[in-house]
Every structure is written in structure tokens, then in C-alpha cells.
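Since the structure comes first, as C-alpha cells, the remarks are kept for the end.
2 protein chains.
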Amino acid sequence: MKRIAILGSTGSIGRSALAVADAHPDRIAIVGLAAGENADLLAEQMARYQPATVAMASGDALDRLRQCGVPGAANAISGRDGLVAVATAPEVDLVLCASSGTEALEAVLAAIEHKKTIALANKEVLVMAGGLVTEAARRNGVMILPVDSEHNAIHQCLHGREASEIRRLILTASGGPFRGRAASELKDVTADQALRHPTWRMGRKITIDSATLMNKGLEVIEAHWLFGVGANQIDVVIHPQSVVHSMVELTDGSTIAQLGVTDMRLPIQYAFSYPERWATRLPSLDFDIVRAGRLDFDVPDTAAFPCLRLAYRALDSDRSLPVVLNAANEIAVARFLEGSIRFPSIAEIIERAMDAHAPAEVASLASVRAVDQWAREYSLETARGVELKA
Amino acid sequence: MKRIAILGSTGSIGRSALAVADAHPDRIAIVGLAAGENADLLAEQMARYQPATVAMASGDALDRLRQCGVPGAANAISGRDGLVAVATAPEVDLVLCASSGTEALEAVLAAIEHKKTIALANKEVLVMAGGLVTEAARRNGVMILPVDSEHNAIHQCLHGREASEIRRLILTASGGPFRGRAASELKDVTADQALRHPTWRMGRKITIDSATLMNKGLEVIEAHWLFGVGANQIDVVIHPQSVVHSMVELTDGSTIAQLGVTDMRLPIQYAFSYPERWATRLPSLDFDIVRAGRLDFDVPDTAAFPCLRLAYRALDSDRSLPVVLNAANEIAVARFLEGSIRFPSIAEIIERAMDAHAPAEVASLASVRAVDQWAREYSLETARGVELKA
Chain D
1 MKRIAILGST GSIGRSALAV ADAHPDRIAI VGLAAGENAD LLAEQMARYQ PATVAMASGD
61 ALDRLRQCGV PGAANAISGR DGLVAVATAP EVDLVLCASS GTEALEAVLA AIEHKKTIAL
121 ANKEVLVMAG GLVTEAARRN GVMILPVDSE HNAIHQCLHG REASEIRRLI LTASGGPFRG
181 RAASELKDVT ADQALRHPTW RMGRKITIDS ATLMNKGLEV IEAHWLFGVG ANQIDVVIHP
241 QSVVHSMVEL TDGSTIAQLG VTDMRLPIQY AFSYPERWAT RLPSLDFDIV RAGRLDFDVP
301 DTAAFPCLRL AYRALDSDRS LPVVLNAANE IAVARFLEGS IRFPSIAEII ERAMDAHAPA
361 EVASLASVRA VDQWAREYSL ETARGVELKA
Chain E
391 MKRIAILGST GSIGRSALAV ADAHPDRIAI VGLAAGENAD LLAEQMARYQ PATVAMASGD
451 ALDRLRQCGV PGAANAISGR DGLVAVATAP EVDLVLCASS GTEALEAVLA AIEHKKTIAL
511 ANKEVLVMAG GLVTEAARRN GVMILPVDSE HNAIHQCLHG REASEIRRLI LTASGGPFRG
571 RAASELKDVT ADQALRHPTW RMGRKITIDS ATLMNKGLEV IEAHWLFGVG ANQIDVVIHP
631 QSVVHSMVEL TDGSTIAQLG VTDMRLPIQY AFSYPERWAT RLPSLDFDIV RAGRLDFDVP
691 DTAAFPCLRL AYRALDSDRS LPVVLNAANE IAVARFLEGS IRFPSIAEII ERAMDAHAPA
751 EVASLASVRA VDQWAREYSL ETARGVELKA
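For the protein sequence lines, the chains are D and E, in the order given.
Counting with the numbering used here, you get residues 1 to 390 for the letters of the first sequence.
Counting with the numbering used here, you get residues 391 to 780 for the letters of the second sequence.
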């Protein structure tokens, strides 16, 4: 029986993770749940799974949870302390970090110090503090299992092969809803258009990141930390059908790829079951009918989608620049979702913050938070300057 | 230093294997060579690699080798005894079986009894005597490493995963030069046309087998023995670009594929280096330019290419029928290459032999040879009946 805590249980990944738990009641026990603001859904989940430890993002959310009258709500904790409590409770074997953004950083580090296996669905943790997190994992002998479909694919392709066997990693990208458009055609696209992802159903923030290709940029940085290879060994290939989830080219020239249906239950279950693999009834790939018998590949257009180029630039610096990239992106995407800035302004805001920042070491969580804070304030200010008038 | 003997050193695979040895003089020593009839080339190879043991198919060939005046020719041996001597010499670590046809069967079994690792590029060995060979390998703790690009791909995809993790194996097939043609359009195709393979350069027999899809049928049987899965867990998918060499679908629905350039040095080196992987300068797959950015997949047309259906039928019987399939195919392909029968007669001759045969156990090499002999004679007779008049 694997005892699992979920950070971000009411989000898209969190709900899929509970579906995986439902499919394997004899193998998985849900012992901790942390959510953001959705008190109603968390109350339902608590009634069903009866987790020992529960947390919500804010005091307000906690009040709403308590008003639901679900048993256990009285002991729920709010804020980062709540995330840490859920992630480090003694009964927990594995922590699924599926909360979006940077809130879970402390909780992940604390879980690692408590020797919990980490299933990581959150990109920002490694983008912001990849050095700190992977060093802590190494020191504590803790495994970080990637849930993101691309990194999960690479983990499956490597299947224990050493980094020294890798010639390059090839991350596939659907290209998002604006694939094939030139930079000039992206000036007036709306958030609604950007939210129509062609192949994956995901949360709003990550769907916008897919439209800008920043999602792939963050994945390049994440791959660097997860698999120990440099930016020059990580390539991105556009693959609109999202059937090949990613590939590893080995030193002899042989390439191993992982393919599958676009269903996040697959990588989540992989992380929950590892090193075992549990049978599912998920459908087989159908090479003649479902997929029109064809897989396409193309190079990314970094002129139209400069966020990918910015991410490579941030990774090359190997210091605090990825923190700036990520923080500025969070601010810019939030503004775009509100309708207050144009799509191309997202990259512009990020680049300006990167240009203004003097890269420094990120030797502690405090220094990460300081750079993060600076970049958010700087980007908010920049966003105001490029704001659309109503 | 790995000490390698090559059965079939003057053929297509044998020459590629020597190219691999040339690329790794510090890791590979060629200690034995066996060839068919090409005495001139074997003499050259002997001069270069100075193998301790040498064999040729016939006494005639041996005479020609001796006339070349190369040192060591005096000790060369002919016939199956020669193959056995090369395969079992005490200095040999690994035997590459790259001779075509069934001549090497005794040598492979003898090598296994002498605990030599087997790199298997010959399909007929497993098609004819898969039970005997895999049982001997199990008993002696000997590894059989597949060199055929499809099975080598599956070996790389599995990378130690157990057969219990396999939902199905997916063998890819280029479809050969006649892909897309209806049965009615295959009546008058010539051997020259059949020898123009779209993606792989190989020997004549295997190139015709690719045109009839019998090559894929033999691979289905081979995969059954190598990976311990039934015919109902082995699918064939047409993939004209030959970039994806084969795939494994695992029990959770995830599929692992191996991709690469169409160069046999890659799987040969994999078998020579296993469990290590040695770097090469073989080119990376280029997803945007070389391959026109597109991979296609389709189901095989067993109406136009009945040999694939016949192979599944032979495997389902799980007794002597694969021996008949293989022997009848060798006779029919030889007749087609001579121009004495039509292309559709290949499948017809095989099916008639299968229909006429009463499947029996194949518990010994003698019973394999007896069935083989019967099927060859029966098929020669059938071939005479469908012969084209000059």
C-alpha cells in the first residue's frame, strides 16, 4: 500500500491523481490533501478519502472549508505551513506536488528532508530552485519522479540508463493553438483563443504557457535538473499530434521514444507505481484510424514564440535568471488572462525583467524568494506600462 | 576486449559487422570467420583480421580459398562442421550468426552449449528451432541478442523489462517496394523490381522476403521466441519511412519505440557492446529535413501479401508448421529469383506445403531437419507445377 499526499488536489492533475487512486484502492491510500481556494471540492474529497492531514492556501478558504461541516476541517492548516504539514506527515510515503506556481517550494524541500518520494507535476519548483532541490534529493537518497508527460516520457525512455549514455533529449511540443502563425499574426489573439489547446486539457496557466511555448521552455530547464544534461543537449521538436511524448537520443545514435494517449492518468500512475507498472484499461494507440496514421515533426519558430529562446538563455546563465524568467512569466500570464495585456507582451515583459536583472547565485531558498519578489514587482510595473486601455 | 566469431562474414551483415570491429579496434577482436562461397573476400578478411578459425560452405569454396594463398587457409574447414568449429572455438566470447538460411542451426546450438553469447541476425534459426534454441539458451544461461533491426529495437525498448509488462509488441514494416499495390497488380512484377527495397540495402533473399512481407512474418515468429509472447500479442504496422524500428506497448498503455537511421551497424554494435553502449558518429535523426518531418503508419494488406497471414497461421500451430513455412519460402524465393515462377506463386507454394503437412512436435534437430527436407522436396515439386514457360 502506497500512502500518498497530494498538494493541489482540486486542480486538473490532482483530480486525475485521485482517479488513479480510485482505480487502485488496494494499492494507494490518500493520506493528505492540500488545495488552493476550492473549499467545496476539497470538502468532498475529504469526505471520500478521509486524509489525516489537510491544508488550504488561505485563511479565507479555510473558513469556507469549515463551513462545509466536513469532519477533519477543524484541524486543517492554511498557507505554506499547511503545505509543509501535508507533505511531511509521518504516514506519507510519496508526495505528489501538483499545485501550480511557486507556493509548494518549501513543502517539496521539507518532504525531501523527511525522505518522502516526490512525484513532481509542478515545473516551477525545479525552474526556481533546481539546484537546491536536486542537491537535497541526492543528499537524502530521495527519488524525484516526473509527472509532466514529457519528463515522464524521458524517465520511461531512460529506464535506468545513465546520463553518460545520453547524446540529447528531445522534448516534443504540440505547438499550441497558434502553431504555424507568424509573429505578426499573434498581436490580437485573445485569452479565450489561447485557452483552446489542440491536444491536452489542462489548467489555465499551463495552457497559456503552451500557447507561448514558455511551457516547453520551463520544461527544458526542468529536464536539465531532472536528467543532469546541459542546454546544448536538450532540443525541442514540434509534434502537433502529441502522440510521441518525448525522446532520448543515446550516444550511439539510437533514439528511444515514449508514445501514448494524451491522458495524464498515465504519467501519474507511472509515478505512483514506480518501479512497478500497473495494468490499465487505457486504450492502445491506434496507428491506422484514431491518429490518421501520421505523425508530424517540425522545428519550433522562436521568432513567433520568443519565450522558448528566453528559457534557453535563462538556463545558459545557470544562476538566478530562471527565477526571473518564471516569476515574470507568472505575472505576465495572469495579466494576459485578465485581458489587460496583449499576447506578445508576455515575452516582452519577461525579456525586460531578464535584461534588468544581474544574475546571482541562488544558494538558499531566501535568495530564490528575494529574486522572485524583485522580478514580480518589476514585471507588474512593466505590465502596467504595456497595459491595454479599456 | 570482446572476442567475436562471425558466421556469414562475406554477406551484407557480416561486412557491416567487420566495419563495427574496425571502428572499435580496442574493444573487438575478430577471432573466427565463416563464409559461404565468396573465397576471394574471405581471403581478404583473413589477411586483415587473422582469425584463428575459418570455415567455408563447400569443399569447392575451400579449394578456391587455398588457391588465394592466404595464411591459415590450410586449416580452414568446410560444411556444417566448419560452422560449428568457428562457433565453438575456445577463444570465442560472442558468435554473430549472420549466415542466411538454415545452415547455421547446428553451429548456433553448439555455441550455446559452449556458453557463447549469441548475436542473432539470422531469422531461420528461431523460426525453425525456436523452442530448441531458447530452451538451450535458458539451460546454459546464454544471452541471445537480436541483431535484426526490429527485434533489436524491441530489446532496446524493453531494456530489461519483464515479459509480464508487455501488452503487445508492434513490429514495423516498410511495406517493401510493392506497398499499396493490390493483389491483382502483383502478378507480373519481376525479381529486379522486387529487389529495389525503398529503405534498406540487404541481401537478395531477405529483400524478396520484404517484398512479400514474409520477412515480417518470420519476424513475428522470431519475436515470439525471443520475447516470450504469443501471436495475439504481436502486431505488424506498415511504416514506410523505416525510422521507427519497432515498438513495445506496456500493460498500462504506454508505448516505447526505438528510432534510428537505417544502418545495420547500429544494431550490430548494440549486440557487440551490450550491456554497454558505445558512442558512434552515426548521424542524429533530423526531424525537420531528412525525413520530411513526417512518419506514416498503416495496417498491412494481407490480401495482397498473404505470406504475413501464413506466418501467423504457422505460429499459432506452435509445432512444426513454421519449419514448413520457412523451407517452402526458401525454395519459392530461389525459384522467383531465377525467374522461373511468378511473385504470387511464392505464397501459393508455401500455403500448399502447409496444407499438405501434418504438424508434429519438433523435439530434436533431427525432426526439424526431417520436416525441412520434406517441405523443400514438396515445394520444389509444387514450384515445377507453376513454372513459367520460357
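Just so it is clear, CB atoms sit at the ideal spot from N, CA and C, and this is done for glycine as well.
Since this is a predicted model, take the numbers as computed values, not measurements.
- Is the Cβ of ARG181(D) closer than 8 Å to any Cβ of chain E? no
- Query: Where does GLY729(E) land, buried or exposed, given buried means 16+ other C-beta within 10 angstroms?
  - Reply: exposed
- Can you tell me which of SER600(E), LEU559(E), LYS577(E) puts its alpha carbon nearest to the alpha carbon of VAL626(E)? LEU559(E)
- Query: Hey, SER246(D) and LEU171(D): beta-carbon distance below 8 Å or not?
  - Reply: yes
- Message: Using a Cβ-Cβ cutoff of 8 Å, what residues of the segment 539–554 of chain E are near chain D? List them in chain order.
- Response: GLN546, CYS547, HIS549, GLY550, ARG551
- Kindly confirm or deny that the segment 535–543 of chain E and the segment 517–525 of chain E touch, where touching means at least three C-beta pairs closer than 8 Å. no
- Task: Would you identify the three-state DSSP class for ILE544(E), choosing helix, strand or coil?
- Result: helix
- What are the residues that DSSP puts in a beta bridge with GLN648(E)? ILE256(D), SER636(E)
- Message: Among GLU103(D), PRO71(D), SER99(D), LYS115(D), whose alpha-carbon lies nearest the alpha-carbon of GLU91(D)?
- Response: LYS115(D)
- Hey, is VAL290(D)'s beta-carbon within less than 8 Å of any beta-carbon in chain E? The predicted position of VAL290(D) is uncertain, since its pLDDT is 44 and thus under 50; no value can be drawn from it.
- Message: Judging by CA-CA distance, which residue of GLU434(E), ALA437(E), ALA463(E) is the nearest neighbour of ALA445(E)?
- Response: ALA463(E)
- Using a beta-carbon distance cut-off of less than 9 Å, what residues from the segment 683–707 of chain E approach chain D? GLY683, ARG684, LEU685, ASP686, PHE687, ASP688, VAL689
- Looking only at DSSP bridge pairs, what is LYS392(E) linked to? ILE418(E)
- C-alpha gap between GLY230(D) and GLU162(D), whole angstroms: 14 Å
- Message: Our contact map puts ASN605(E) next to ILE611(E) with C-beta atoms below 8 Å; I'd like the distance itself, whole angstroms only.
- Response: That pair is no contact at about 11 Å.
- Message: Run through chain E and tell me which residues come within less than 9 Å of TYR270(D), C-beta to C-beta.
- Response: ASP642, SER644
- Item | Status (buried if at least 16 other CB within 10 Å, exposed otherwise) for GLY449(E) | exposed
- Item | ASP301(D) in three-state terms, based on DSSP | coil
- Are there 16 or more other CB atoms within 10 angstroms of the CB of GLY385(D), so buried, or fewer, so exposed? exposed
- Message: Any beta carbon of chain D sitting closer than 8 Å to that of GLN440(E)?
- Response: no
- For PRO322(D) and chain E, any beta-carbon pair shorter than 8 Å? no
- Backbone CA spacing between ILE289(D) and PRO630(E) [nearest angstrom]: In this prediction, ILE289(D) scores a pLDDT of 43, lower than 50, which makes its location untrustworthy; the coordinate-derived value is nonetheless stated afterwards. Approximately 17 Å, taken between the alpha carbons.
- Please work out which residues of its chain come closer than 7 Å, Cβ to Cβ, to ASP653(E), disregarding the five sequence neighbours upstream and downstream, and give them in chain order. LEU672
- Comparing alpha-carbon positions, which option in CYS97(D), ARG294(D), VAL299(D) lies nearest THR117(D)? CYS97(D)
- Residues near LEU218(D) in its chain [Cβ-Cβ closer than 6 Å; skip 5 each side]: LYS123, VAL127
- Query: What in chain D is Cβ-close to PRO673(E), meaning under 8 Å?
  - Reply: GLY253
- Query: How about ALA406(D) and VAL86(D): are their beta carbons less than 8 Å apart?
  - Reply: No information on residue 406(D) is available, as it lies outside the stretch 1 to 390 that chain D covers here.
- In the DSSP assignment, find the alpha helix (DSSP H) that holds CYS307(D) and state where it starts and stops. 306–317
- Message: Our contact map puts ALA353(D) next to SER320(D) with C-beta atoms below 8 Å; I'd like the distance itself, whole angstroms only.
- Response: Not a contact, Cβ separation roughly 11 Å.
- Can you grab the Cα-Cα spacing for the pair ARG342(D) / ASP355(D), in whole Å? 20 Å
- Message: Would you say GLY618(E) lies against chain D (beta-carbon separation less than 8 Å)?
- Response: no
- Examine chain D for any beta-carbon lying closer than 8 Å to the beta-carbon of GLY650(E), and answer yes or no. yes
- Query: Taking the alpha carbon of ARG667(E) as the point to measure from, which residue in ALA722(E), ARG417(E), TRP590(E), SER399(E) has its own alpha carbon closest?
  - Reply: ARG417(E)
- What residues from the segment 580–603 of chain E come within 8 Å of chain D, judged by C-beta to C-beta, listed N to C? none
- Query: In chain order, which beta strand (DSSP E) runs of at least 3 residues are fully inside the segment 575–636 of chain E?
  - Reply: 624–628
- Message: Against ALA509(E), what residues of chain D qualify as contacts under a CB-to-CB distance less than 9 Å, listed in chain order?
- Response: Those within 9 Å of ALA509(E) in chain D number zero; the least Cβ separation is about 15 Å.
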